[in-house]
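Chemist: If you're matching positions, the sequence shown starts at 38 in the numbering used here and goes up one per residue. Have a look at this one.
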Amino acid sequence: MAAKSKKKTTAKKKPASAKPKSAKPAKAAKAAKPARAAGTDPKRVAAILAKLDEAYPNATCELKHGNAFQLLISTILSAQCTDVRVNQVAETLYKKYPNAEAFAYAAPSELEQEIRPTGFFRNKTKSVMGASKAIIEKFGGQVPRTMEEILTLPGVARKTGNVVLGTAYGIASGIVVDTHVQRISNRLDLTRNEDPKKIEQDLMQIIPQEKWIQFSHQIIWHGRRVCQARKPKCVECNMESLCYSKDKTV
Ligand code: SF4
């Protein structure tokens with residue numbers, strides 16, 4: 038029988054000279070990275086959230102928009118560009134293209150020139166037109182209200198999805214991880230990851246869901262006004278006593 042022959046083959050012993058399994062120090066050291074940043078103690082996180090509320094009680098999205106669709110388009114245009122520049126472009130853009138139909142059937146070469154000041158204008162034109170077409174054809178002209186659906190639009194990833202769902206619809210689907218949130222979450226030791234998707238997962242585990250939308254806006258405001266990339270203004274920061282970042286300037 039098959040069972041008998043199996044027993045014979047498994048009876049083999051390892052030679053006495055075989056090296057013990059523990060002889061892999063390099064890999065073991067790499068795996069020692071903590072799964073969670075040390076700064077995620079619930080009391081500390083609550084203190085950070087309270088400080089953010091104190092400093093930025095009215096933080097909101099700085100992209101001007103009249104509805105969810107305009108916010109979606111402006112968010113696509115804001116990649117690698119400032120909100121100020123996008124707002125300048127958007128002012129005339131939404132007069133000429135008031136809805137998804139207008140963008141979907143625009144002349145690509147004209148639209149390219151109109152959004153050129155925001156950079157990466159060829160790709161952004163494709164995304165804007167593609168997203169507009171999909172909104173008309175698949176979603177009855179409305180920007181969808183779930184992350185799963187909004188991610189099917191061309192040029193839309195989780196960051197854009199979170200901006201639109203959170204700001205336009207008040208739906209806390211996740212946390213916006215842009216360059217500011219990425220930098221400051223690390224400085225505040227709320228994560229030790231660099232990848233935006235992993236950072237978002239880390240933050241979603243430690244921030245209460247009802248704070249997700251506001252937290253995103255507040256950290257982005259903090260990054261623009263105080264905790265800037267090159268020289269953070271730590272003397273002006275109300276979280277200074279909670280922060281032990283190596284980037285601190287005080
Ligand atoms: S103390 Fe400095 S580095 Fe820390 S969060 Fe405040 S501004 Fe940023």
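Here a beta-carbon is modelled for each residue, glycine too, at the ideal position from N, C-alpha and C.
If you reduce the DSSP assignment to three classes, tell me which class GLN246 lands in.
Modeler: Reduced to three states, the DSSP call for GLN246 is helix.
Chemist: Closest by CA to GLN255, which one among GLU186, PHE140 and LYS88?
Modeler: That would be LYS88, whose Cα lies nearest to the Cα of GLN255.
Chemist: Regarding SER282 and ligand 1, is the C-beta to nearest heavy atom distance less than 7 Å?
Modeler: Correct: SER282 has its Cβ closer than 7 Å to ligand 1.
Chemist: Once you ignore the five residues that flank GLU128 on each side, which residues in its own chain have a CB closer than 8 Å to its CB?
Modeler: The residues are LYS101.
Chemist: State yes or no: is the C-beta of ILE257 nearer than 7 Å to some heavy atom of ligand 1?
Modeler: No, the beta carbon of ILE257 sits no closer than 7 Å to any heavy atom of ligand 1.
Chemist: Of all Cβ atoms in chain C, is any one closer than 8 Å to the Cβ of LEU227?
Modeler: No chain C is present in this structure, which holds just one protein chain.
Chemist: Measure the CB-CB distance between VAL201 and ILE187 and report whether it falls below 8 Å.
Modeler: Yes. Within cutoff.
Chemist: Beta-carbon separation of LEU108 and ALA205 under 8 Å?
Modeler: Contact: yes.
Chemist: Here's the rule I'm using: 16 or more other beta-carbon atoms within 10 Å means buried, otherwise exposed. How should SER253 be labelled?
Modeler: Its Cβ being crowded by 16 or more others within 10 Å, SER253 is buried.
Chemist: Using the beta-carbon count (16 or more within 10 Å), is LYS285 buried or exposed?
Modeler: Burial call: exposed.
Chemist: Quick check: SER222 and THR228, are their CB atoms within less than 8 Å of each other?
Modeler: It is a contact, given that the beta carbons lie within the stated cut-off.
Chemist: Leaving out five residues on either side along the sequence, give the residues of the same chain with a beta carbon under 6 Å from the beta carbon of TYR131.
Modeler: Taken in chain order, the residues that qualify are GLN107.
Chemist: Tell me which residue opens and which closes the alpha helix (DSSP H) that VAL201 is part of.
Modeler: Unbroken alpha helix (DSSP H) run through VAL201: 195-206.
Chemist: On the CB-based measure, 16 or more other CB atoms within 10 Å of its CB, does LYS161 come out buried or exposed?
Modeler: It is buried - the Cβ of LYS161 has at least 16 other Cβ atoms within 10 Å.
Chemist: Measuring CA to CA, which of PHE176, GLY177 and THR183 is closest to PRO207?
Modeler: According to the sequence provided, residue 207 is Gly. The question's Pro does not apply to it. The option with the nearest alpha carbon to GLY207 is THR183.
Chemist: Exposed or buried, ASP239, counting other C-beta atoms within 10 Å across all chains shown (16 or more means buried)?
Modeler: So ASP239 counts as buried.
Chemist: What did DSSP end up calling TYR134 once you bin it into helix, strand or coil?
Modeler: TYR134: coil per DSSP, three-state reduction.
Chemist: So MET166 and GLY211 are in contact, right, with Cβ under 8 Å, and what is the actual spacing, rounded?
Modeler: 26 Å between Cβ atoms; not a contact.
Chemist: Helix, strand or coil for ALA74? Go by DSSP, reduced to three states.
Modeler: Of the three classes helix, strand and coil, the one that applies to ALA74 here is coil, per DSSP.
Chemist: Use the C-beta contact count for VAL214: other C-beta atoms within 10 angstroms, 16 or more gives buried, fewer gives exposed.
Modeler: Classification for VAL214: buried.
Chemist: Contact defined as beta carbons within less than 8 Å: I believe ILE243 pairs with VAL123. What is the distance between those atoms, to the nearest angstrom?
Modeler: That belief does not hold up - the Cβ atoms of ILE243 and VAL123 are roughly 31 Å apart, past 8 Å.
Chemist: Measuring alpha carbon to alpha carbon, tell me which residue in ASP226, THR197 and SER111 is nearest MET276.
Modeler: It is ASP226.
Chemist: Please classify PRO269: does DSSP put it in a helix, a strand, or coil?
Modeler: Three-state result, PRO269: coil.
Chemist: Assuming LYS175 is part of the alpha helix (DSSP H), what are its boundary residues?
Modeler: LYS175 -> alpha helix (DSSP H) spans 158-176.
Chemist: Just checking LYS285 against ligand 1 - is the residue's beta carbon closer than 7 Å to any of the ligand's heavy atoms?
Modeler: Yes; taking the cut-off as 7 Å, the Cβ of LYS285 has a heavy atom of ligand 1 nearer than that.
Chemist: Determine, using beta carbons only, whether ALA137 and ILE172 come nearer to each other than 8 Å.
Modeler: Cβ atoms of ALA137 and ILE172: closer than 8 Å.
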